[in-house]
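In the numbering used here, the protein residues as written are 1 to 316.
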């Protein structure tokens, strides 16, 4: 089975900012809070068209999070977008106390997630955000894979009543021209098969799609499940597949601890229906390099993923 080739690749940050700007009319409570990075987050058109709904706080993510929580108490829906580790790990106490525990209707978007701020080094990598934010009760975590899904995720995020964290990257992502319905908490099956279940999320899904396509051409039968919502975790779609194949692999651009793999392993082990293994980022101080090189070093490029999956299939 051959997968469709994407017609074009687009910047996820500009796609996100443009979509939020276009949604401003549908969501009159929407306001944007910036930390001196509105241009990088794609908010130029929103700032020009909606100056009364655009708040510049300066380079102060913690203060911006508090401002967002306060705005939410007045009935507004604040959207804060900045570099992923600065709104998650640096910002953890404010995210937990002001947004999470108070269950404020705040949407925080971490851009340049994963390795995609590659050459600025480990201080700018975000490889633990699913674990950190997933430890805060009641926060939804989104990780769209392509441009169509990102656009749909923006609307779903704004409709959701409660705190949301969404990770987007910086590397260009495919735009298939699709506008599929985005249902928070629901996974999506990309290919169907009986030999192996592969679970993945975010823009990593695009690399996994290519790797799985190679294996399918070699005769493998693979259930590929994309999880655009990391939390709440769609247990039903994974469990249904695990019972069918008996073998589950998770693939993610995140440390193994607390990520998609942890959630998958807990489900599979708890029910006892399948074996699990995971491919993730090695938990160490990762170097500064190009994005492609960092993926290759962690076997998360197409070659590395296909080799890992092939080894699992041959060992079964």
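Beta carbons are placed, not taken as given, at the ideal position from N, Cα and C, and that holds for glycine.
Values in this document were obtained by computation on a predicted structure and should not be read as measured data.
For residue i, is the classification buried or exposed, using 16 other Cβ atoms within 10 angstroms of its Cβ as the cut-off for buried?
i           : result
residue 104 : buried
residue 65  : buried
residue 1   : Confidence at residue 1 is low in this model, with a pLDDT of 43, below 50, so the placement of that residue is unreliable and no value is reported for it.
residue 107 : buried
residue 308 : buried
residue 290 : exposed
residue 78  : buried
residue 120 : exposed
residue 223 : buried
residue 3   : Only weak support is given to the placement of residue 3: the predicted model assigns it a pLDDT of 48, under 50, and the question is left unresolved by the model.
residue 130 : buried
residue 73  : exposed
residue 319 : Residue 319 is absent from the model: the chain starts at 1 and stops at 316.
residue 245 : buried
residue 146 : buried
residue 31  : buried
residue 170 : buried
residue 101 : exposed
residue 311 : exposed
residue 238 : buried
residue 268 : buried
residue 111 : buried
residue 86  : buried
residue 247 : buried
residue 144 : buried
residue 236 : exposed
residue 167 : buried
Can you tell me which of the three DSSP states residue i falls into?
i           : result
residue 186 : coil
residue 20  : helix
residue 318 : Given that the chain is displayed from residue 1 to residue 316, the structure contains no residue 318 and the question cannot be resolved.
residue 84  : helix
residue 126 : strand
residue 101 : coil
residue 301 : coil
residue 11  : coil
residue 392 : With the chain represented from 1 up to 316, any question about residue 392 goes unanswered, as that position is not in the structure.
residue 3   : Residue placement at residue 3 is poorly supported in this model, since its pLDDT is 48, which falls under 50; the coordinates still yield a value, given next. The answer is coil: DSSP assigns residue 3 none of H, G, I, E or B.
residue 231 : strand
residue 310 : helix
residue 62  : helix
residue 70  : helix
residue 296 : helix
residue 241 : helix
residue 332 : Examination of residue 332 is not possible in this model, given that the chain is present from 1 through 316 alone.
residue 315 : helix
residue 51  : helix
residue 119 : helix
Strictly by DSSP, which residues pair up with residue i?
i           : result
residue 56  : 34
residue 400 : This structure gives no information on residue 400, because the portion of the chain shown stretches from 1 to 316.
residue 114 : 126
residue 78  : 31
Quick check: does the Cβ of residue i come within less than 6 Å of any heavy atom belonging to the ligand MN?
i           : result
residue 149 : Within the structure as shown, the ligand MN is missing, as the structure has no ligands at all.
With 7 Å set as the bound, which would you pick, yes or no: does the beta-carbon of residue i sit closer than that to a beta-carbon of chain B?
i           : result
residue 164 : The structure shown contains no chain B, having only a single protein chain.
Specify whether the segment 47–56 and the segment 90–106 touch according to this definition: at least 3 beta carbon pairs, one from each stretch, less than 8 Å apart. When Cβ pairs closer than 8 Å are counted between the two stretches, the segment 47–56 is seen not to touch the segment 90–106, the count staying below three.
In chain order, each alpha helix (DSSP H) run of at least 4 residues that lies wholly inside the segment 180–225: Within the segment 180–225, the runs of alpha helix (DSSP H) at least 4 residues long that lie entirely inside it are, in chain order, 204–217.
Inside the segment 243–283 only - beta strand (DSSP E) runs reaching at least 3 residues: 247–255 and 275–281
Residue ranges of each alpha helix (DSSP H) run of no fewer than 4 residues wholly in the segment 131–168, ordered along the chain? 147–159
Give a yes or no on contact between the segment 280–296 and the segment 232–246, applying the rule of three or more CB pairs nearer than 8 Å. no
Would you check if the segment 154–163 and the segment 197–209 touch, i.e. whether three or more CB-CB distances between them fall below 8 Å? Using a Cβ-Cβ distance cut-off of 8 Å, the segment 197–209 and the segment 154–163 are not in contact, since fewer than three pairs of beta carbons, one from each stretch, lie closer than that value.
Does the structure place the segment 209–229 close enough to the segment 292–309 that three or more beta carbon pairs sit under 8 Å? The answer is yes - the segment 209–229 touches the segment 292–309, with three or more Cβ pairs under 8 Å.
Say whether the segment 69–85 touches the segment 145–152, bearing in mind that this needs 3 or more beta-carbon pairs closer than 8 Å, one atom from each stretch. No: fewer than three Cβ pairs fall under 8 Å.
Decide yes or no for the touch test of the segment 190–200 against the segment 130–143: beta carbon pairs closer than 8 Å, at least 3 of them. no
Quick test of the definition: if touching needs 3 or more C-beta pairs under 8 Å, does the segment 34–48 touch the segment 80–91? yes
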